[in-house]
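The opening position of the sequence shown corresponds to residue 31 in my numbering, with each subsequent residue numbered one higher. Each residue gets a CB set at the ideal place from its N, CA and C atoms; glycine is no exception. Read the structure below first, then the notes.
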Amino acid sequence: MSHLFKAELDGCGCSQAIRYISSLLSAGSIENAWSEATRFVIHATQLDRTFLIANPDRAVSSDEAATLSGFVARRLAGEPITRILGFREFWNLEIEVAPDVLDPRPDSETLIEAALAELGSRKSEEIDLLDLGTGSGALLLAMLSECPRARGIGVDLSAKACELAARNARRNKLSDRAHILRGNWMESLDGRFDLIISNPPYIRAGDIGGLPPEVLNHDPILALNGGGDGLVAYSEIIRSLDKVLKPKGFAVLELGAGQAADVADLALRWGLKVGALHKDLGGIDRAIVLHNPG
Ligand SMILES: C[S@@+](CC[C@H](N)C(=O)[O-])C[C@H]1O[C@@H](n2cnc3c(N)ncnc32)[C@H](O)[C@@H]1O
31 MSHLFKAELD GCGCSQAIRY ISSLLSAGSI ENAWSEATRF VIHATQLDRT FLIANPDRAV
91 SSDEAATLSG FVARRLAGEP ITRILGFREF WNLEIEVAPD VLDPRPDSET LIEAALAELG
151 SRKSEEIDLL DLGTGSGALL LAMLSECPRA RGIGVDLSAK ACELAARNAR RNKLSDRAHI
211 LRGNWMESLD GRFDLIISNP PYIRAGDIGG LPPEVLNHDP ILALNGGGDG LVAYSEIIRS
271 LDKVLKPKGF AVLELGAGQA ADVADLALRW GLKVGALHKD LGGIDRAIVL HNPG
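Written as structure tokens, this is what we have:
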């Protein structure tokens with residue numbers, strides 16, 4: 031079908047292309063169709079938004095039409111736009127998104143807000159950060175971008191995630207302060223940290239099959255599967271937190287919907303002090319702060 035889109039797009043003005051692509055995406059029940067269509071045209075033509083507004087009749091070339099028709103076909107087949115474009119914005123950083131690594135979600139920015147609120151003026155000090163399950167590196171890099179004298183380690187079990195996180199560190203000019211390590215949570219680390227941040231896998235194993243295709247078909251199972259009760263990774267991380275946090279250190283963990291009480295119970299059981307809960311923009315408790323009482 032994509033050859034039909036290509037014929038329609040070849041030679042038409044950019045604004046007409048946006049209208050046409052938007053109508054196709056709307057017909058495919060894709061929300062924000064206009065915005066996605068605009069992003070596709072900007073990406074395929076490599077023109078910026080201001081130029082496009084000033085030059086709405088700039089013609090789409092044959093190569094650009096082929097690229098755009100491929101984008102539309104993939105989007106209509108359920109692939110997320112971030113995976114098609116190969117990057118997303120996270121906390122004002124441009125983060126590359128790659129196959130077999132979780133595409134970071136806007137809700138996870140709640141962890142950055144929570145960590146910065148807890149750090150207060152300490153954010154300008156020389157602090158040591160650890161991001162467990164770093165994936166694309168989004169959380170670690172967002173923190174390093176906010177804390178100019180901090181150093182950080184990002185750990186992931188997935189080799190592909192580690193490669194991507196290292197590329198994202200270079201892309202955002204943070205690689206001098208970001209160290210990426212392959213490993214099982216904090217197993218191979220020595221040293222202690224002022225702040226540990228983590229978005230662990232937290233979907234109950236039995237719920238994975240019911241996830242929307244945009245998630246199920248594109249995000250890796252290692253990044254999603256929280257075991258039978260969804261709490262396996264929390265349990266593995268929380269039981270070792272007191273050994274890797276500095277005495278005044280704290281952790282900020284992402285929560286799945288409805289998991290706040292269970293994660294707080296786990297933390298209390300392992301002798302941690304439970305701090306603030308932070309809600310995401312949808313009003314869901316998304317981040318929990320845990321303090322090392324030692
Ligand atoms: C939900 S994803 C979070 C990725 C990234 N921090 C983010 O927020 O976009 C969880 C990450 O934990 C990693 N992971 C799963 N089990 C792990 C383990 N035992 N040790 C280290 N990392 C692990 C996965 O590979 C995945 O990258």
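N- and C-terminal bounds of the beta strand (DSSP E) containing residue i
i       : result
Leu-162 : 158-162
Ile-227 : 223-228
Counterpart residues of residue i in DSSP-defined beta bridges
i       : result
Ile-190 : Here the sequence assigns Lys to residue 190, which means Ile is not the residue at that position. In the DSSP output, where bridge partners are listed per residue, Lys-190 has none listed.
Val-319 : Val-282
Ala-208 : Gly-182
Glu-124 : Glu-119
Ile-233 : Asn-255
Under 8 Å between C-beta atoms of residue i and residue j
i       : j       : result
Gly-41  : Asp-87  : no
Leu-211 : Ile-183 : yes
Leu-171 : Ala-199 : yes
Leu-39  : Leu-98  : yes
Asp-161 : Ile-227 : yes
Val-131 : Lys-190 : yes
Val-293 : Leu-219 : no
Lys-153 : Cys-177 : yes
Asn-322 : Gly-279 : yes
Ser-188 : Leu-252 : yes
Asp-186 : Gly-163 : yes
Leu-225 : Ile-142 : no
Pick from the options that is closest to residue i, judged by C-alpha positions
i       : options                            : result
Glu-148 : Asp-315, Ile-314, Leu-307          : Leu-307
Phe-35  : Asn-85, Glu-66, Ala-63, Ser-92     : Ser-92
Ile-268 : His-209, His-248, Ala-287, Leu-296 : Leu-296
Ala-95  : Leu-254, Glu-124, Ile-48           : Ile-48
Leu-246 : Asn-85, Ala-144, Asp-133           : Asp-133
Ala-107 : Asp-292, Pro-250, Pro-242, Asp-310 : Pro-242
His-248 : Arg-105, Ala-291, Gln-76           : Arg-105
Ser-45  : Glu-61, Leu-55, Ala-57, Arg-79     : Arg-79
Leu-254 : Gly-239, Pro-231, Ala-263, Ala-235 : Pro-231
Phe-101 : Thr-68, Phe-120, Glu-126           : Thr-68
Glu-124 : Gly-288, Ile-157, Asn-202          : Asn-202
Leu-115 : Glu-266, Thr-140, Ala-281, Val-71  : Val-71
Ser-65  : Ala-37, Thr-112, Asn-85, Leu-159   : Thr-112
Asn-229 : Trp-215, Gly-239, Ile-238          : Trp-215
Ser-265 : Ser-59, Leu-55, Leu-302, Asn-85    : Leu-302
Ser-151 : Arg-179, Arg-135, Gly-165, Pro-129 : Arg-179
Where the alpha helix (DSSP H) containing residue i begins and where it ends
i       : result
Val-304 : Element bounds for Val-304: not the alpha helix (DSSP H) but the beta strand (DSSP E), 303-309.
Asp-272 : 271-274
Val-90  : Neither: Val-90 is in no alpha helix (DSSP H) and is coded neither H nor E.
Cys-44  : 44-57
Glu-109 : Where Glu-109 is concerned, there is no enclosing alpha helix (DSSP H), given that its DSSP letter is neither H nor E.
Ala-144 : 139-149
Val-245 : 243-246
Leu-174 : 168-176
Leu-261 : No alpha helix (DSSP H) contains Leu-261, which DSSP labels as neither H nor E.
Glu-325 : In the structure as shown, the chain starts at 31 and stops at 324, and residue 325 therefore has no counterpart that could be examined.
Ile-83  : 79-84
Val-131 : Neither: Val-131 is in no alpha helix (DSSP H) and is coded neither H nor E.
Leu-298 : 290-299
Rounded distance between the beta-carbons of residue j and residue i, thought under 8 Å
i       : j       : result
Leu-146 : Gly-167 : About 18 Å separates the two Cβ atoms, so there is no contact after all.
Leu-13  : Trp-300 : Residue 13 lies beyond the stretch modelled for the chain, which goes from 31 to 324, so this question has no answer here.
Ala-144 : Val-319 : 6 Å
Leu-285 : Ala-317 : 7 Å
Leu-174 : Ala-208 : 6 Å
Phe-120 : Glu-139 : 7 Å
Phe-223 : Lys-309 : Not really, about 25 Å apart at Cβ, beyond 8 Å.
Pro-110 : Glu-217 : Wrong, their Cβ atoms sit about 32 Å apart, outside the cutoff.
Ser-52  : Ala-63  : 5 Å
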